[in-house]
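Have a look at the structure below, then the notes.
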Amino acid sequence: MRSKEQLTKIKRAIEEGKLQFYEMELLERLRNLKYNGVPLSILLTSSYCTNTWCFHYSFLLTRGMDSYTIIQGTTSDFQQYGDKISHGWVEKDGFVYDTTDCHKWAKEVYYDVFEARPMISYNEENWQTNPFYLELMKGFEIDIQPLVLETFFRVLEELEEKKPSLTHDFLLNEIEIYREQHPNTFDISKENVAVLKKRMFQK
C-alpha cells in the first residue's frame, strides 16, 4: 500500500503532466507486432497481462522503440527480495516506462516516488547478450488462430467491465482498431470465454 506522501507526489505528477500514458507513436508501432499471436499494443495496454511480468514486458515494450535503456533493479514497491533485483523498467528521453501500470513517468519523479535503484542495464546495442531476452524473441514467431485471439479479447473486455483498469479506454480502443482491420463473425460462447479466463488469470 502506497504512503500518503507517495500518493501526494503521484497526484502532483499527474497535474504537471509528468505521469501519462504511452505516446501514440509508440502504440502505433506496437500494433504491427504480435507476440504469441497477440498484438503488442493490446498486451502492453492491459495491466491484467503485464502485472508481475515486468522483466518480460519491459523488453517487449522496447520492440517499438529505436533507442532505449532496459533497467533491472529495485524499487520501494518491489522490495521482497531485499537487495536483489526485483523490478524491471525502460528509460527513454527522460521518461521511465513501467509496464506494471502501463504508463510513463518523468524520470526524476519515478526515482523519487519509488526510490528506484538501477543495478543492470541493457540497450539496443547489447540486449542480445542476455539469454532471457533472446528466448523471449521466439514468441514473435508464434501465431494463434483468429478464434482464439477473439476469445482472448472477450476475456480482457470482461475483466475490464468488472474492474476497469487505469488504461481501460486505451485498451478497448486498441481491441476495436484490431477488429476493424480484421473483421470476423465468430460466435463465441460465454463458456469458452470463462474457460480461457480461468486458464490465464485465475490459476
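Residue numbering for the sequence shown follows this note's numbering, beginning at 1066 and increasing consecutively.
C-beta: ideal position from N, C-alpha, C; glycine also.
Taking the alpha-carbon positions, what's the residue i to residue j distance?
i: L1201; j: T1127; result: 12 Å
i: F1179; j: F1251; result: 44 Å
i: G1204; j: D1163; result: 21 Å
i: S1123; j: E1156; result: 10 Å
i: I1107; j: I1240; result: 7 Å
i: E1080; j: V1174; result: 12 Å
i: L1237; j: D1166; result: 16 Å
i: E1090; j: R1096; result: 10 Å
Can you give the beta carbon distance from residue i to residue j, rounded, assuming they're within the 8 Å contact cut?
i: H1266; j: Y1113; result: Checking the displayed sequence, the identity of residue 1266 turns out to be Phe instead of His. Between Y1113 and F1266 the Cβ distance is about 6 Å, and since that is below 8 Å, they are a contact.
Going by the beta-carbon positions, is the gap between residue i and residue j smaller than 8 Å?
i: I1207; j: G1102; result: yes
i: Q1137; j: I1185; result: yes
i: T1134; j: H1152; result: no
i: T1216; j: I1253; result: yes
i: E1223; j: V1260; result: no
Note the first and the last residue of the continuous beta strand (DSSP E) segment covering residue i.
i: L1084; result: 1084 to 1086
i: H1168; result: 1168 to 1171
Please name the residue or residues paired with residue i in a DSSP beta bridge.
i: K1099; result: P1104
i: Q1137; result: G1153, I1185
i: K1203; result: K1203 is not bridged to any residue.
i: D1163; result: H1168
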